[in-house]
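One structure is given here, and the rest of the page talks about it.
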Amino acid sequence: MKRYVYINDDESSHELFCDNRISNRKYTVLNFLPKNLWEQFSRFMNQYFLLIACLQLWSLITPVNPASTWGPLIFIFAVSASKEAWDDYNRHLSDKKANEKLVWVVRQGIRKHIQAQDIHVGNIVWLRENDEVPCDLVLIGTSDPQGLCYVETSALDGEIDLKTRVIPAACMGIDFELLHKIKGVIECPNPDKDIRRFDANLRLFPPFIDNDVCPLTIKNTILQSCYLRNTEWACGVAVHTGNETKLGMSRGIPEPKLTAMDAMIDKLTGAIFVFQIVVVMVLGIAGNVWKDTEARKVSLDLVKSLYAKFIDWDSEMIDYETGIPSHATNTAISEDLGQVEYIMTDKTGTLTENRMIFRRCCISGVFYGNEGGDALKDTKLLNAVAGSSPDVVQFLTVMAICNTVIPIKSKTGAILYKAQSQDEDALVNAAAQLHMVYVNKNANILEIRCNGSVIKYEVLETLEFTSDRKRMLVVVKDCQNGKIVLLSKGADEAILPYAYAGQQTRTFIEAVEQYAQLGLRTLCLAWRELKEDEYQEWSLMFKEASSTLVDREWRIAEVCQRLEHDFEVLGVTAIEDRLQDGVPETIETLRKAGINFWMLTGDKQNTAIQIALSCNFISPEPKGQLLLIDGKTEDEVCRSLERVLLTMRITSSEPKDVAFVVDGWALEIALKHYRKAFTELAILSRTAICCRVTPSQKAQLVELLKSCDYRTLAIGDGGNDVRMIHKLISVLALVEEKGCRLQEQLIIVLESSAFLSQYSFYKSLVICFIQIFFSFISGVSGTSLFNSVSLMAYNVFYTSVPVLVSVLDKDLSEGTVMQHPQILFYCQAGRLLNPSTFAGWFGRSLFHAIVVFVITIHAYAYEKSEMEELSMVALSGCIWLQAFVVALETNSFTILQHLAIWGNLVAFYVINWIISAIPASGMYTIMFRLCRQPSYWITMFLIVAAGMGPVLALKYFRYTYRPSKINTLQQAERMGGPILSLGNIEPQPRSMEKEVSPLSITQPKSRSPVYEPLLSDSPNSSRRSLGSGTPFDFFQSQSRLSSSYSRNCKDN
Amino acid sequence: MSSNTPSSSAGGVGSADSAAPRRNSKRPKYSKFTQQELPACKPILTPRWVISAFMLVSIVFIPIGVVSLFASRDVVEIVDRYETACVPDNFRNDKVSFIQNETTNKICTRNLTVPKRMKQPIYVYYQLDNFYQNHRRYVKSRSDSQLKDNSSWDDVSSCKPEDNANGMPIVPCGLIAWSLFNDTYNFSLNNQQLAVNKRGISWKSDRDSKFGSDVFPRNFQNGLLIGGKRLDPNVSLSEQEDLIVWMRTAALPTFRKLYGKIERDLQPNEVIQVTLENNYNTYSFNGKKRLVLSTTSWLGGKNDFLGIAYLTVGGLCFFLALSFTIVYLVKPRRLGDPSYLSWNRNPGGH
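Just so you know, the sequences run in chain order W and U.
Each residue of the first sequence is one higher than the one before, counting from 56 in my numbering.
Each residue of the second sequence is one higher than the one before, counting from 136 in my numbering.
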């Protein structure tokens, strides 16, 4: 399937393709109600309530007023519908903003300012620097004479470094004015979501060029939501618009997120439903025995669900946003947060700060910067520079010019560098500080100012860094003496083996190792002089290779390989990329808490491994072991997967940290063909590093874990994580430094949500049991003991308010949780919320129902057995018990808790007094009457004592003699004694840093050093993994983690 | 690094200018509430706390139990079950036909001996057993609007099956009113008529606002089946106190309803002669009928339950307090010992 895009043809394409209106909306005004209701009713829970509510419309079998069910039902639905509507409205607003943004588009040969949504396929769109790209474009012109432009693709793939894009050869050299009138046809595939491929052809119509077909690649495109950077202007032809762009195609549809708790409640509702059917059967038979022909129907109604009625509605109405300075876009997340078992995190900008600083170097075997931790302040080096030591000058020259940095003179005369990668930026700046200033780049001529003298180089060829080659190559010609020099910089494993035969590379290896142990990113610099004829010969081959259409990249690499030998290695640089504050500690604690960590990154393997090491993600040898899954073909991947799996199975019993590393390619194959094996691996492994993964692979991974029923949390910052997060149950945006705080939050949230649903369950069951008991003394006829108003109020108000506050309950203090992160492990997987604790609450509710019922009917027997009075006595009994149950389950009483628990009790009386003062109400004067009776109050105290006594005794017994882990910590915390830390809780590795590492005195504490030679002996990885060093690894930093599904890529 | 800033900030501009202000505004204001740092008291269940709580409960409950029990014992109660005794011997095997036969003599005389001095007011109740006034269909079979307001006299929709008779709405309609209790009691003491005050036996609120003074019985007990008492069509519902009492349905199948009050003291061993008319049919459902004369205390009628329950709960609490103390002394256990934490017992083994 192909589409033909006619450039600048104003009429033809309008009907064929959609316009550029993007829409992330889920609903329209018309379909909102049906669609939203459909979604809400796709939950079993809601279906159940609807069934009940419908049954209640049939007045014959309804003991209570239908309003008591319909009212809350409609209210709850209205609340969640308005929430959905609000979310959707916000999505709509951000879409609208993007749609109405003004862009320059050529219409009838003239540039016009029109709204982005009016762009049609075939239009020529003009962009200025820092503009966002409104749709997928094929470049046809830029301000750069070379036809280059730079784009930031962070919203697509999360990589914040700048990518170069180039105009197709056919458009090269077209005049600025002529670009308005350009005509042609682009033959391109139908929209897909692959952001790495764009196989198309361009043919310009005369008079522009001959009829040649010019092939287009992804290099010639700029995709929607990228930003144009460092380029004054660029223009392109719209080929995909609106929701048909690559980004639009890869956008998932936001699904309603069902939290684990919801799922659990759905299951329980199912159980309750079955339970009801059973009760109906039994009571139906009993009713028949009692000679009531309608008993069956009636009892269906009696049992009618009072249970469960509001089980989770309470919890859904609660908003936990108050907790940490975070914004929960989905109000239901916190339940799951506590039960997270897998955390998938993005690396760049999430774990690291992405601020590269040149720290140390090793030039010709001399280490600089070791004493002060900063080579730029090392007097030794400064002296060497001042003395123009040839080694150092060569080294600095390579540092300054072996890159793709573009220097720009600002008005003040200072030189600014525009770099694609942070590493290069760091190196060039460091060189500049060492008096090797990269002054200017004019076409192919570079100017370097070294100690006052200006040296010019002509750049002959540049081969940018590729992940396969792991090095960069620049061939320059010294304009002074005409010498042709090959400069190279790259990872140690890509440079050192190519040193000339006589050179001692041992010191460099040592340097690399030493720096790597400090967690610095290393790069080796090398050079070689080329002979004129050697270059000429090679140059021809290079030109030929770079014009091939098939396997171009591979051919070029091959050609370059011929030149890369007999390097003279100049030295090693070490660049620091700081981790964000607290990252290693946070990860360490979370891992102790039994949470499995996965790092998903678009980065290369080595970088990923290195970062993983430095942030305690994986443990160094011998404690940890790193397994590698790689391979280019199915077979290779399969074999390596099996090997890893085998190792994993063997070591799973040992207390060893085994992690696996997989790259995007292997992952693709593994997910496609060996899904089962990979799933097993995923379950076995506590840690995984996935490098070079695409956004949709991230999403696939999340889905994989989700399908195994694991609670997964994804953390990310870029648009590339949006899909992954969409797939997820939980979305959160939090401030990284608050990671520890989050933990504490987890427990609280978890406890309170567990308590919440158990409690809702309990309070509904109490009423239901009382109703059932009452049915036995009302001829199994299904009379409701309680009137509709009381029931509604009971469910919605009286028993919800204390629960609302219980959300603020704090089990353990922050400090305790931090010291015993294992407690989280205990909380995982719904250990606090499981059928057996539910059984406990079930028993409690049964017991309390019996207490309330028995005491009420005996204390209010005979002449006092008036219906309304008795019902109020029973209800107030329940309310009193609830208050004490909540009080007993509350761990910390703040003023709010007191207010809610006891204020609620008071509110119950106030409200009932008010109702009792209304003559028209059924319970007119009842409450006044009761409150005047001493027997009423005596009954209440009796109910409380009889109901709470055993509960308290049992709780005390378990608390003291069979304490849960949380209990023990609570006790320890509040007894005020020092909390002993045994086992593997301490010490934090950071504390050892100063004693052990002499090199890291001035190292900021953000690194945790690694002492053992890492990974060197593990079977599937090699020492090479340590050599990091790629110019394009690190992206610009976004120091905050933030992600939210409502904030879509568009808006990012 | 200073010279580096433009390039990095240039990269950040696009994302920062849209996101940054929003992020800031989202950051919640600091308050103790939002940070969950409100001063909190965190009680834990220490042995001392729990034992003293139980002790306290038992100390409070046992005296209250004793007082309640005494109050209940102070109440003098005469209960006379008469539904079988008031059926002539020849009808003993077929009580239903006796009660349904309009011609049989329903008058019955009972003698009650006063066991102890009874201070006025002495309440006269009738007690019905196995009478499910709380049955769903029974409870609902009434029309409150009709009872209250003459203008809605034909609002009988909820009254089935006693809504219409002979094509006309019944006032008061419904099963409850239809089944109004119709035994009557006449008391005499030493051949002197013992006055029973039947005024003020119902709730004042009911008379004032639930039963209208302009609503008169109409077409009542005119159907094929006669349920119970007939009402004087000339007396408004708000003055038909027997009906008002009866319409306050009981929640339990055994209940007492106030019949009247005797407003004089009765001395021990006085014999009250009750002439009763045994009209009400409880025989078809094996219901029992009792006549109850009772004084009252601050706690209400004679009911030992509360006293006994208080004593039991108090006693149990005492027992629990005691046993907890013993367990605590015999087998003390340090609270919050981290060595109970499983991960401390076998390090690394979770």
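For each residue, glycine too, the CB sits at the ideal point set by N, CA and C.
Small disclaimer: the values here were computed from a predicted structure and weren't measured.
Quick one: is residue i near chain W, going by C-beta distance under 9 Å?
i: U:R468; result: yes
i: U:G309; result: no
i: U:I407; result: no
i: U:A188; result: yes
i: U:C221; result: no
i: U:W433; result: yes
i: U:C452; result: yes
i: U:Y273; result: yes
i: U:W313; result: no
i: U:D377; result: no
i: U:Y418; result: no
i: U:R342; result: no
Pull up the DSSP beta-bridge partners for residue i, would you.
i: W:L257; result: W:I241, W:C269
i: W:L682; result: W:F715
i: U:Y260; result: U:L393, U:V427
i: U:V406; result: U:T248
i: W:K540; result: Sequence check: residue 540 of chain W is Val here, not Lys. Partner(s): W:V531, W:E584.
i: U:P304; result: U:N299
i: W:L182; result: W:A289
i: W:T219; result: W:Y205
i: W:V492; result: W:R504
i: W:D191; result: W:H295
Leaving out five residues before and five after residue i in sequence, what residues of the same chain have Cβ atoms less than 7 Å from its Cβ?
i: W:K274; result: R220, V221
i: U:L324; result: E405, I407
Considering only residues of the same chain and omitting the five flanking positions on each side of residue i, which have a CB-CB separation below 6 Å?
i: W:I203; result: The sequence given here places Leu at residue 203 of chain W; Ile does not occur at that position. These residues qualify, in order along the chain: T219, V221.
i: U:T410; result: T244, N321
i: W:L259; result: A225, G239
i: W:Q488; result: L431
i: W:N285; result: Y205, K473
Check whether chain U comes within 9 Å of residue i, counting only Cβ atoms and requiring the distance to be less than that.
i: W:Y570; result: no
i: W:M372; result: Residue confidence is low: W:M372 scores 28 on pLDDT, short of 50, so the model does not pin down where it sits. Its coordinate-derived value is still stated next. No, its Cβ sits nowhere closer than 9 Å to a Cβ of chain U.
i: W:A916; result: yes
i: W:R617; result: no
i: W:R1110; result: The structure shown does not extend to residue 1110 of chain W, since chain W spans only 56 to 1107, so no value can be given for it.
i: W:H295; result: no
i: W:F72; result: no
So that I know if they touch, is there some Cβ in chain C lying closer than 9 Å to that of residue i?
i: W:Q279; result: The structure shown has no chain C; the protein chains it does contain are W and U.
Mark residue i as exposed unless 16 or more other C-beta atoms lie within 10 angstroms of its C-beta, in which case mark it buried.
i: W:H295; result: buried
i: W:C670; result: buried
i: W:Y915; result: buried
i: W:D356; result: Any reading at W:D356 must be qualified, since the residue scores a pLDDT of 31, below 50, and its modelled position is unreliable; the value itself is stated next. The residue is buried, with at least 16 neighbouring Cβ atoms inside 10 Å.
i: W:V614; result: buried
Under 8 Å from any heavy atom of the ligand ATP, does the C-beta of residue i make it?
i: W:D150; result: Within the structure as shown, the ligand ATP is missing, as the structure has no ligands at all.
For residue i, I'd like the list of residues in its chain whose CB is within less than 8 Å of its CB, leaving aside the five on either flank, ordered along the chain.
i: W:L1007; result: L943
Q) Would you call the region 269-277 of chain U and the region 305-318 of chain U touching, i.e. three or more CB-CB distances under 8 Å? A) yes
Q: Count the C-beta pairs between the region 283-294 of chain W and the region 178-194 of chain W that are closer than 8 Å, then say yes if the count reaches three, no if not.
A: yes
Q. Between the region 714-731 of chain W and the region 749-762 of chain W, do three or more beta carbon pairs fall short of 8 Å?
A. yes
Q.
Under 8 Å, with one C-beta from each stretch per pair, do the region 979-994 of chain W and the region 432-439 of chain U reach the 3-pair mark?
A. yes
Q) Does the pairing of the region 970-980 of chain W with the region 907-921 of chain W give three or more beta-carbon distances under 8 Å? A) no
Q | the region 543-557 of chain W in contact with the region 569-581 of chain W per 3-pair CB rule at 8 Å | A | yes
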